[in-house]
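Take a look at the structure below.
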Amino acid sequence: MASIDLDRMLAKIKATQWSLADIDWDAPGAELVTGNPELYAKLKPFMADLMWIEHIGARAFSAMSKKAPTETLKQIYSHFHAEEQRHANAEMALMKRWGMLPEDGSIPEPNKNLRITIKWLDT
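First residue of the sequence shown: 1, per this note's numbering; consecutive thereafter.
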């Protein structure tokens, strides 16, 4: 079985961090979604589901970090937790860019299957 150099992995993770501020949210291209009603209609529920899946992934990595057997693995899981949360935030930013969020700024409700998963994680 191959072994993984966790220290090397952690160093690479730390060296490749990104933030939402790195993205030009005003760059051209939003009209490719907003100007295509068929694509928009399909993409809106997909993006909402994807955002919730990223939230679930973040929660899973957070839980794993608390039980990690080594400090290095704990740090890796903590970085993965933050990464999944950034993904969810980026999906929300895309949904805002494409006019897919309610006027009040609330987030979309998770679908039935995601609600079941979230409830299971909370118990």
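For every residue, glycine included, the Cβ atom is placed at its ideal position computed from N, Cα and C.
query, result
"Minimum C-alpha distance to residue 9 - residue among 46, 74, 62 and 36", "74"
"Residue 123 - containing alpha helix (DSSP H), residue span", "No alpha helix (DSSP H) contains residue 123, which DSSP labels as neither H nor E."
"Inter-residue spacing [alpha-carbon to alpha-carbon] between residue 103 and residue 92", "13 Å"
"Top-ranked residue by Cα proximity to residue 99, from 116, 17, 32 and 15", "32"
"Residues near residue 14 in its chain [Cβ-Cβ closer than 8 Å; skip 5 each side]", "79"
"Three-way DSSP call (helix, strand, coil) for residue 56 in this model", "helix"
"Straight-line Cα distance separating residue 42 from residue 36", "10 Å"
"Straight-line Cα distance separating residue 94 from residue 46", "12 Å"
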